[in-house]
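What follows is a short report on a single structure.
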Amino acid sequence: MSALLVLNGPNLNLLGQRQPEVYGHTTLAEIEALCAATADKLGATTSCLQSNHEGTLIDAIHDARGKFDGIILNAGAYTHTSIALMDAISSAEVPMVEVHLSNIHAREEFRHTSHISRVAIGQICGFGPHGYVLAIKAMLEHLKAQT
Ligand code: DQA
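Using this note's numbering, read the sequence shown as starting at 8 and increasing by one per residue.
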């Protein structure tokens with residue numbers, strides 16, 4: 008059974024209240040429940056963590072090594088700025104799928120760059136909460152193809 012870590016970065020704790028015109032009305036707790044239900048249906052498990060702190064996210068990625076088979080990562084704004092998060096993913100050697108609720112490529116220019124993408128299996132963006140479902144499915148297909 009594959010164990011997945013669903014990691015959400017800064018400001019995503021405010022989902023549901025934060026810019027609903029961009030991010031919708033679904034709360035983080037609802038997204039985490041959706042992830043758990045999706046994984047359960049597909050014979051996998053999820054553990055969820057959200058942090059507003061870069062170091063905490065890095066520690067969680069390091070700790071994932073040997074514990075989780077894959078990481079679903081929405082790094083929020085750190086996506087566009089954090090080489091440290093990118094390096095953490097490379098160091099942990101746990102496959103990662105990048106997810107964003109919004110279509111970052113259709114937004115401000117500074118959101119078009121993702122440092123995370125360089126070390127991701129792939130990126131899913133623009134599908135709102137359903138993006139997490141797609142990311143879990145993509146990760147499980149990826150893991151299956153490795154065995
Ligand atoms: C986001 C997109 C980022 O640009 C932004 O900083 C976020 C959320 C998304 O899910 O669409 O915090 O990662």
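Glycine residues also receive a C-beta, built at the ideal position from the N, C-alpha and C atoms.
Just so you know, these numbers come straight off a predicted model, no measurement behind them.
Any heavy atom of the ligand DQA closer than 7 Å to the Cβ of residue i?
{"i": "H4", "result": "The requested residue 4 is not part of the displayed model; the chain covers only 8 to 154."}
{"i": "H137", "result": "no"}
{"i": "A84", "result": "yes"}
{"i": "L108", "result": "yes"}
{"i": "N59", "result": "no"}
{"i": "R125", "result": "no"}
{"i": "H87", "result": "yes"}
Which residue wins for smallest C-alpha separation from residue i, given the options the options?
{"i": "G31", "options": "L150, A142 and N110", "result": "N110"}
{"i": "I131", "options": "R118, A95 and A145", "result": "A145"}
{"i": "E61", "options": "N18, P27, Y139 and E28", "result": "N18"}
{"i": "Q26", "options": "I128, L108 and Y139", "result": "L108"}
Are the CB atoms of residue i and residue j nearer to each other than 8 Å?
{"i": "M103", "j": "G77", "result": "yes"}
{"i": "A82", "j": "I143", "result": "no"}
{"i": "R72", "j": "A99", "result": "yes"}
{"i": "P136", "j": "T33", "result": "yes"}
{"i": "L35", "j": "N20", "result": "yes"}
{"i": "L14", "j": "L80", "result": "yes"}
{"i": "H69", "j": "A95", "result": "yes"}
Within the continuous alpha helix (DSSP H) that includes residue i, where are the two ends?
{"i": "L147", "result": "H137 to Q153"}
{"i": "G62", "result": "E61 to A71"}
Please report the residue range of the beta strand (DSSP E) in which residue i lies.
{"i": "L80", "result": "G77 to N81"}
{"i": "V126", "result": "Unbroken run through V126: none, as it is neither H nor E."}
{"i": "E105", "result": "M103 to H107"}
- Task: Count the C-beta pairs between the region 41-52 and the region 114-130 that are closer than 8 Å, then say yes if the count reaches three, no if not.
- Result: no
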